[in-house]
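Asks:
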Amino acid sequence: MAPPDLPQEIYDVIISFLRLDPKSLATCSFVSRAWLHTTRTHKFRAVVLRSRKHCTRLRQTLDSPLLESNTIAECVRDVWVGVDSHNTKINDATLQRFWKDDRQLVPLLLRFQRTCSLQLENVMWTDRWLPCGGKDAILALSPGLVHLHLNRVVFDESDSVIRMLSASPALARLRMSFVSWKRRSRTVAQADTAQRQSTRMEWRLEQLVVDPWSYSALFSAAALYPQPLHVSVPSVEWVTSERPRNFVVSVLRAGEAISVFRRIQTAEATEVPDEPIQMGREEPWLSSVESVRVDISRPVSDKSANAFATQVPGLLYNIAMHRMEYDLGTFLSSSFSLSDRLDFPALDDELELLVSRRPEMVVTFRMRIQLADDNLWWADAEASSYTVAAQFSLQIPKLLALRTRVGVMMSFFSPVWPLGPHPVWKEVWWTQE
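For the record, in the sequence shown the residue sitting at position 205 is 205 according to full-length UniProt numbering, with numbers rising by one throughout.
(1) As a quick exercise: from His-322, Val-123 and Gln-113, pick the residue whose alpha carbon is nearest that of Ser-142.
(2) If you reduce the DSSP assignment to three classes, tell me which class Tyr-386 lands in.
(3) Under 8 Å by Cβ, that's how I've got Pro-359 and Thr-404 pegged, so tell me the actual separation to the nearest angstrom.
(4) Quick check for students: name the residue ranges of the beta strand (DSSP E) that lie wholly in the segment 86-125, counting only runs of 3 or more.
(5) Give the straight-line distance between the Cα atoms of Asn-87 and Trp-80, rounded to the nearest whole angstrom.
(6) With three or more beta-carbon pairs closer than 8 Å as the criterion, would you say the segment 118-132 touches the segment 192-207?
(7) Enumerate in chain order the residues of its own chain whose CB-to-CB distance from Asn-70 is below 7 Å, with the five nearest sequence positions on each side excluded.
(8) Quick check: the segment 244-263 against the segment 305-320, are at least 3 beta-carbon pairs closer than 8 Å?
(9) What are the complete alpha helix (DSSP H) segments, minimum 4 residues, inside the segment 131-195?
(10) Given Glu-352, which residues of its chain have a CB within under 6 Å of its CB, disregarding the five upstream and five downstream residues?
(11) Could you tell me the boundaries of the beta strand (DSSP E) in which Arg-323 lies?
(12) Do Leu-145 and Leu-109 come within 9 Å of each other at the CB atom, strictly closer than that value?
(13) Measure how close the beta-carbons of Ala-320 and Ser-291 come, nearest whole angstrom, since I'm counting them as under 8 Å.
(14) Apply the 10 Å Cβ neighbour rule to Leu-332 and answer buried if 16 or more other Cβ atoms are within range, or exposed otherwise.
(15) Whole angstroms is fine: what's the gap from Ala-223's alpha carbon to Thr-240's?
(16) By how many angstroms is the C-alpha of Asn-151 removed from the C-alpha of Glu-54?
(17) Just to confirm, are Arg-50 and Asp-84 a CB contact at a threshold of 9 Å?
(18) Under 8 Å Cβ to Cβ from Ala-372, same chain only, skipping five residues before and after it: list those, please.
(19) Is the Cβ of Ile-90 closer than 9 Å to any Cβ of chain B?
(20) Whose CA, out of Ile-264, Asp-156 and Arg-341, lies closest to the CA of Arg-298?
(21) State the DSSP-derived secondary structure class of Arg-128, mapped to helix, strand or coil.
Okay, structure coming up:
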């Protein structure tokens with residue numbers, strides 16, 4: 001049989017069109033040897049290891065007598081490791097067996113040397129849970145990582161957080177959800193003394209996405225590290241992380257980082273043998289930020305769940321930044337109320353203090369507004385925008401009194417046509433004169 005004489009680019013176009021259909025990709029891999037590499041690049045780009053069975057099946061595939069099976073591991077770019085947070089059948093023993101199995105997980109991870117994206121989920125970064133072989137296998141992937149997502153990772157001590165992140169010099173995007181650590185590596189006073197005598201570490205990221213719990217863990221770990229840490233990142237986003245349905249993993253966290261974080265923020269006497277380091281010290285750990293986004297669009301049962309959103313401006317007083325946005329989520333035009341979503345008086349106080357220090361800052365609020373059922377032509381969009389503007393004038397008077405750039409962006413939709421067909425956007429600006 002004569003070899004195919006079509007350009008390789010034609011094969012690539014066909015296979016790329018089918019990239020979301022695993023069965024079609026499997027068929028393509030049998031058509032021709034010329035199709036094999038491109039097919040596997042799509043089919044094995046992302047690997048999800050949620051159980052020991054997943055590890056066994058993947059190992060059998062990599063070691064199978066398939067044509068050039070030894071090159072399959074080179075196609076893997078995205079690795080997701082950890083049990084499913086929403087699988088209610090998983091118990092504590094199952095969770096520990098998954099991470100302790102050096103014969104299954106570790107050899108697999110060591111084969112994925114071209115990984116650029118890694119997500120670790122539901123793991124205790126301790127010798128008891130994760131043997132040294134497992135830690136070494138994960139750290140072996142770190143030098144090439146561009147994107148790292150830590151979801152419910154509990155470190156043994158504060159220094160382990162910084163060491164792991166420092167192992168990825170090419171890291172551009174970092175996402176942390178319910179990250180914590182169990183014990184401090186040193187006291188705050190000892191860390192402060194060591195940092196004054198050490199050269200500082202420089203991290204440059206493109207994006208940092210954290211929930212309040214993870215931010216406290218990262219901030220306090222940086223404060224306790226013997227070298228001062230400075231992070232430059234254009235985009236920082238605070239989010240509310242999704243709660244898992246599995247009870248075992250829902251309690252997989254430690255509270256020591258929170259207590260140290262609070263100790264750093266306050267000078268009040270406690271039994272903790274530390275000296276306080278004020279948030280307003282001269283050299284912040286976030287040295288440069290272009291924009292900050294606070295996402296509280298996820299529905300919550302009570303606005304107290306969004307209390308962190310009012311505290312974010314207070315964490316940014318001594319950080320150079322230009323824009324700040326709050327995503328408030330979805331509202332009903334028939335019963336619009338800002339006070340149900342957030343403690344706006346407290347937020348107004350914090351924003352007033354922040355913006356008074358940086359009058360060049362632009363503060364925006366974003367929201368989606370559902371119109372009445374019988375109004376398919378968006379007739380009350382204009383009226384709703386006036387209602388929104390009036391409520392903001394009442395809720396953030398101190399911020400608006402500074403007469404800086406403050407705006408509200410509204411997108412209106414009908415319950416019949418949530419995404420169209422004629423979306424209406426309205427903006428209200430309080431512009432500096």
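The beta carbon of each residue, even a glycine, is placed where N, CA and C say it ideally should be. Nothing here was measured: the structure is a model prediction, and the numbers come from that model.
Replies: Well, looking at it:
(1) Gln-113
(2) helix
(3) 5 Å
(4) 117-125
(5) For the pair Asn-87 and Trp-80, the Cα-to-Cα distance works out to about 16 Å.
(6) no
(7) none
(8) no
(9) 132-141 and 158-166
(10) Lys-398 and Leu-399
(11) 323-332
(12) no
(13) At roughly 12 Å, the Cβ-Cβ gap does not stay under 8 Å, so Ala-320 and Ser-291 are not in contact.
(14) exposed
(15) In this model, Ala-223 and Thr-240 are separated by some 24 Å (Cα to Cα).
(16) In the sequence as presented, Glu is not what sits at residue 54; that position holds His. When rounded, the distance between both Cα atoms is 19 Å.
(17) yes
(18) Ser-333, Ser-334 and Asp-380
(19) Although the question refers to chain B, the structure presented lacks it and comprises just one protein chain.
(20) Arg-341
(21) coil
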